[in-house]
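The next block holds one structure in the form of structure tokens; read it before the comments.
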Amino acid sequence: MGAITWRRQLSVGQPAIDEDHKHLIEYLNELDAALCAQRFQPVRVAKILLKLLEYTKEHFAREERIMQIVHYPKFEEHVAMHRAAVQKVSELSNRFSIEPTHENAEKLYKFTADWLVRHIILMDTQLTPYVRGVWA
Numbered sequence: 062m063g064a065i066t067w068r069r070q071l072s073v074g075q076p077a078i079d080e081d082h083k084h085l086i087e088y089l090n091e092l093d094a095a096l097c098a099q100r101f102q103p104v105r106v107a108k109i110l111l112k113l114l115e116y117t118k119e120h121f122a123r124e125e126r127i128m129q130i131v132h133y134p135k136f137e138e139h140v141a142m143h144r145a146a147v148q149k150v151s152e153l154s155n156r157f158s159i160e161p162t163h164e165n166a167e168k169l170y171k172f173t174a175d176w177l178v179r180h181i182i183l184m185d186t187q188l189t190p191y192v193r194g195v196w197a
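Numbering (my numbering), first residue to last: 62 to 197.
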């Protein structure tokens with residue numbers, strides 16, 4: 062695995078969204094560090110996952126509110142992607158809570174990290190012309 066580094070191409074150009082993305086990356090990096098630790102600690106992983114999931118829900122709500130404010134034309138499609146990601150992460154989280162293994166935590170990390178970076182670069186950056194200068 063490896064830590065995710067914030068870079069310019071991840072910026073949407075809207076401060077609240079960019080700050081949220083930075084926080085989500087921090088949580089993912091905490092999770093990566095927990096997975097790379099010499100001794101696997103399921104309780105530590107579970108605490109990080111809880112923070113990550115709660116913050117993700119807050120972020121999606123904030124981002125969707127901003128999209129509504131600017132009348133983003135792909136709003137419904139974007140929200141559907143958020144819902145699908147939440148569903149998949151919930152499934153993986155449930156699997157981890159039933160069987161708190163390193164392997165299950167790793168699957169959750171890999172899906173979330175890959176999805177987040179890909180979603181920011183491919184989807185969220187399409188918001189840029191609509192959200193620049195919008196404060197929420």
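Ideal Cβ positions, reconstructed from N, Cα and C, are used throughout, including at glycine.
Check whether the segment 177-186 and the segment 90-110 touch, using three or more Cβ-Cβ pairs below 8 angstroms as the test.
In short, these stretches do not touch, since the Cβ pair count stays below three.
Measuring only the C-alpha atoms, how far is Glu207 from Gln102?
Nothing in the structure corresponds to residue 207, since the chain is present only between 62 and 197.
Taking a contact to mean a Cβ-Cβ separation below 8 angstroms, would you say Leu260 touches Val104 in this structure?
Look at the range of the chain in this structure, 62 to 197, and you will see that residue 260 is not part of it.
Among Ile127, Thr186 and Thr173, which has the Cα closest to the Cα of Glu152?
Locating residue 152 in the sequence shown gives position 91, counting from the first residue. Comparing Cα positions, the closest option is Thr173.
Are Tyr88 and Leu71 close, meaning C-beta to C-beta below 8 angstroms?
Taking the sequence shown and counting its residues from 1, the one referred to as residue 88 is at position 27. Taking the sequence shown and counting its residues from 1, the one referred to as residue 71 is at position 10. For Tyr88 and Leu71, no; Cβs fall outside 8 angstroms.
Report back the beta-carbon spacing between Leu85 and Tyr116 to the nearest angstrom; my notes put them in contact at under 8 angstroms.
Within the sequence shown, numbered from 1, the residue matching residue 85 stands at position 24. Within the sequence shown, numbered from 1, the residue matching residue 116 stands at position 55. The Cβ separation is near 6 angstroms, so the contact holds.
Write down every uninterrupted run of the alpha helix (DSSP H) in the segment 68-151 whose length is 4 residues or greater and which is fully enclosed by it, in chain order.
Listed in chain order, the complete alpha helix (DSSP H) runs (minimum 4 residues) inside the segment 68-151 are 76-97 and 103-130.
Could you check which residue in Arg144, Asn155 and Ile130 has the C-alpha nearest to that of Leu188?
Numbered from 1 along the sequence shown, position 127 holds the residue referred to as residue 188. Of the candidates Arg144, Asn155 and Ile130, the one whose C-alpha sits nearest the C-alpha of Leu188 is Ile130.
Going by other Cβ atoms of all chains shown within 10 Å of its Cβ, with 16 needed for buried, is Ser158 buried or exposed?
Position 97 of the sequence shown, counted from the first residue, corresponds to residue 158. Ser158 comes out exposed.
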